[in-house]
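Asks: Under our numbering, the first residue of the sequence shown carries the number 1, and numbering increases by one thereafter.
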Amino acid sequence: MDPDLVASYDELPLWSAPFGLVLLDKVPISAPMTVLDIGCGTGFPLLELAQRLGPSSRVIGVDPWRAALSRCRDKARCYGASGAHLLEGRSERLPFGDGCFDLIVSNNGLNNVSDQRRALAECFRVAATPSTLVATMNLPDTMHELYAAFGAVLAELGRAREIEAMQRQIATMRKPRATTEAALGEAGFAIEGVDEHSFTMRFASAAALFSHHFIRLAFLPGWRGVVASDAVDAVFERLAARLDDEAAKSGELRLTIPFACYVASKRHA
Numbered sequence: 001m002d003p004d005l006v007a008s009y010d011e012l013p014l015w016s017a018p019f020g021l022v023l024l025d026k027v028p029i030s031a032p033m034t035v036l037d038i039g040c041g042t043g044f045p046l047l048e049l050a051q052r053l054g055p056s057s058r059v060i061g062v063d064p065w066r067a068a069l070s071r072c073r074d075k076a077r078c079y080g081a082s083g084a085h086l087l088e089g090r091s092e093r094l095p096f097g098d099g100c101f102d103l104i105v106s107n108n109g110l111n112n113v114s115d116q117r118r119a120l121a122e123c124f125r126v127a128a129t130p131s132t133l134v135a136t137m138n139l140p141d142t143m144h145e146l147y148a149a150f151g152a153v154l155a156e157l158g159r160a161r162e163i164e165a166m167q168r169q170i171a172t173m174r175k176p177r178a179t180t181e182a183a184l185g186e187a188g189f190a191i192e193g194v195d196e197h198s199f200t201m202r203f204a205s206a207a208a209l210f211s212h213h214f215i216r217l218a219f220l221p222g223w224r225g226v227v228a229s230d231a232v233d234a235v236f237e238r239l240a241a242r243l244d245d246e247a248a249k250s251g252e253l254r255l256t257i258p259f260a261c262y263v264a265s266k267r268h269a
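1. State the CB to CB distance for the pair Y262 and A135, rounded to an integer number of angstroms; the pair is presumed to be in contact (CB under 8 Å).
2. Write down every uninterrupted run of the alpha helix (DSSP H) in the segment 50-121 whose length is 4 residues or greater and which is fully enclosed by it, in chain order.
3. Hey, out of L209, D195, A190, whose CA is closest to M201's CA?
4. Excluding the 5 residues preceding and the 5 following Y79 in the sequence, name in chain order all residues of the same chain whose CB lies nearer than 7 Å to its CB.
5. Within a Cβ cutoff of 6 Å, which residues of the same chain sit near G99, ignoring the five residues on either side of it in sequence?
6. Would you kindly report the start and end of the unbroken alpha helix (DSSP H) that includes P18?
7. Checking 8 Å against the spacing of the C-beta atoms, do R177 and T142 come in under that value?
8. Would you report the Cα separation of V62 and V105, rounded to the nearest angstrom?
9. Quick check: what's the CA-CA separation for P55 versus S30?
10. Taking buried to mean at least 16 other C-beta atoms within 10 Å of its own C-beta, is P95 buried or exposed?
11. Reducing DSSP to helix, strand and coil, say where P221 ends up.
12. Which whole-angstrom value describes the C-beta separation of R58 and V35, a residue pair presumed to lie in contact below a C-beta threshold of 8 Å?
13. Which of the three DSSP states is assigned to S205 in this structure?
14. Determine the direct distance from the alpha carbon of E92 to that of V113, and round the result to whole angstroms.
15. Could you name the residues that DSSP lists as bridge partners for M137?
16. Would you report the Cα separation of S250 and L239, rounded to the nearest angstrom?
17. Please return the same chain residues whose Cβ sits closer than 7 Å to the Cβ of E186, not counting the five positions on each side in sequence.
18. Cα separation between P140 and F219?
19. Assuming N107 and F44 form a contact by the criterion Cβ under 8 Å, report the distance between their Cβ atoms to the nearest whole angstrom.
20. Taking the runs of the alpha helix (DSSP H) that are 4 residues or longer, which of them lie wholly in the segment 138-169?
21. On the premise that N138 lies in contact with I215, defined as a C-beta separation below 8 Å, what is that separation, rounded to the nearest angstrom?
22. Would DSSP call K249 helix, strand or coil?
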C-alpha cells in the first residue's frame with residue numbers, strides 16, 4: 001500500500017466532521033458539475049466531493065491559509081482526486097468570473113470571514129443560474145457552558161469591558177440563524193431549507209480542554225485575546241478552577257456545539 005496514502009488516510013479534523021457529514025447529505029450529486037468550496041482548509045469536504053463527483057467535475061477550493069492548501073494538494077495527489085483544484089484567496093473577493101459554479105459549499109467557513117455579507121454577494125455573483133449553495137455554520141450558543149463560566153469569572157473580577165469584548169467576539173464569529181438567513185436573502189439567494197443540529201465535546205478537566213490541539217488552534221487565542229495581557233494568567237487560572245468545579249459536580253466537562261445547515265438556490269441572475 002502507498003505509504004503516502006496511509007499517511008493521509010485519517011486526515012479529517014474531528015471538528016469538521018459533524019458539520020461536513022450533514023453538508024454531504026444535502027448537496028446534489030450529479031456530474032459534470034463545477035463546484036466551489038469556500039474555506040476549504042486542508043480539504044474537507046472538497047476532496048470528498050471531488051471523489052464522489054468523479055473526474056468529469058471540477059471542485060475548486062479557496063482559502064487564505066497557505067499551509068492548509070499545501071497539505072490539501074498533497075492529499076489530492078495521494079487520493080488521485082484529479083478534479084480538485086486549489087487557489088489561495090478570500091471569499092470577499094473571489095478570483096472568478098460571473099456565473100461559474102453549479103454548486104457552492106462551505107463547511108463552517110462563511111461564518112469565519114471578515115465580511116459575511118460581501119462574501120455572500122460574491123458567492124451569488126459567481127454562482128450559475130440555476131445553482132445551489134449549501135453551508136454549515138455554528139450558532140451563537142456554541143460552547144455556551146464555557147462562555148457562561150468565562151463571563152462569571154470576568155464579572156467576579158470586575159472586568160466589564162472584557163465581558164463586552166467576549167460578547168462582541170461571539171456576535172462576530174457566530175451569527176444567529178435569522179441574521180444569516182437575512183444575509184442570504186439580501187445577496188439574492190432563495191432559502192430552500194435550514195436544519196439545526198448539535199454535538200457535544202467532552203473533557204475530563206480544564207487542563208485537557210485548554211491543551212487539546214484544536215482548541216489551541218481555533219479557540220484559545222481568541223479567548224485569551226479578550227483579556228488584557230497583564231491579567232490573562234490570573235483570569236484563566238480562575239476560569240480553569242471554575243470549570244474543574246463544574247466537571248467534578250457532573251463527572252465531566254461538556255461543551256455543546258449547535259450548528260445550522262443552510263440550503264439556498266440562485267434562481268435568477
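We treat Cβ as the ideally placed atom computed from N, Cα and C, and that holds for glycine.
Replies: Per the coordinate set shown:
1. By 1-based counting over the sequence shown, the position of residue 262 is 262. By 1-based counting over the sequence shown, the position of residue 135 is 135. Rounded, the Cβ-Cβ distance is 5 Å, consistent with contact.
2. 66-79
3. If you number the sequence shown from 1, residue 201 lands on position 201. The shortest C-alpha separation from M201 is found at L209.
4. In the sequence shown, counting from the first residue as 1, residue 79 sits at position 79. Correct list, in chain order: L47, Q51.
5. Residue mapping note: residue 99 aligns to position 99 of the sequence shown, counting from 1. So the qualifying residues of the chain are A128.
6. Locating residue 18 in the sequence shown gives position 18, where the first residue counts as 1. Its alpha helix (DSSP H) spans residues 16-26.
7. The residue given as residue 177 occupies position 177 in the sequence shown. The residue given as residue 142 occupies position 142 in the sequence shown. Not a contact, by the Cβ cut-off of 8 Å.
8. Numbered from 1 along the sequence shown, position 62 holds the residue referred to as residue 62. Numbered from 1 along the sequence shown, position 105 holds the residue referred to as residue 105. Their Cα atoms are separated by approximately 11 Å.
9. By 1-based counting over the sequence shown, the position of residue 55 is 55. By 1-based counting over the sequence shown, the position of residue 30 is 30. C-alpha separation (whole angstroms): 12 Å.
10. Taking the sequence shown and counting its residues from 1, the one referred to as residue 95 is at position 95. It counts as exposed.
11. One-based indexing of the sequence shown puts residue 221 at position 221. Here P221 sits in helix by DSSP.
12. Here residue 58 corresponds to residue number 58 of the sequence shown, with the count starting at 1. Here residue 35 corresponds to residue number 35 of the sequence shown, with the count starting at 1. The pair is a contact, with the Cβ atoms about 7 Å apart (cut-off 8 Å).
13. Looking up residue 205 in the sequence shown gives position 205. The answer is coil: DSSP assigns S205 none of H, G, I, E or B.
14. By 1-based counting over the sequence shown, the position of residue 113 is 113. By 1-based counting over the sequence shown, the position of residue 92 is 92. Approximately 8 Å between the Cα atoms of the pair.
15. Looking up residue 137 in the sequence shown gives position 137. Its beta-bridge partners are A260.
16. As a first step, residue 250 must be located in the sequence shown, where it is residue number 250. As a first step, residue 239 must be located in the sequence shown, where it is residue number 239. Their Cα atoms are separated by approximately 17 Å.
17. Indexing the sequence shown from 1 puts residue 186 at position 186. Closer than 7 Å at Cβ, skipping near neighbours: R117.
18. Taking the first residue of the sequence shown as position 1, residue 140 is located at position 140. Taking the first residue of the sequence shown as position 1, residue 219 is located at position 219. Straight-line Cα distance between these residues: approximately 14 Å.
19. As a working note, residue 107 is residue 107 in the sequence shown. As a working note, residue 44 is residue 44 in the sequence shown. Going by Cβ atoms, the distance from N107 to F44 rounds to 7 Å, so yes, they are a contact pair.
20. 144-156
21. As a first step, residue 215 must be located in the sequence shown, where it is residue number 215. As a first step, residue 138 must be located in the sequence shown, where it is residue number 138. In fact, because the Cβ distance is near 14 Å, the residues do not count as touching under 8 Å.
22. Within the sequence shown, residue 249 is the residue found at index 249, counting from 1. In the structure shown, K249 sits in a helix (DSSP, three-state: H, G or I).
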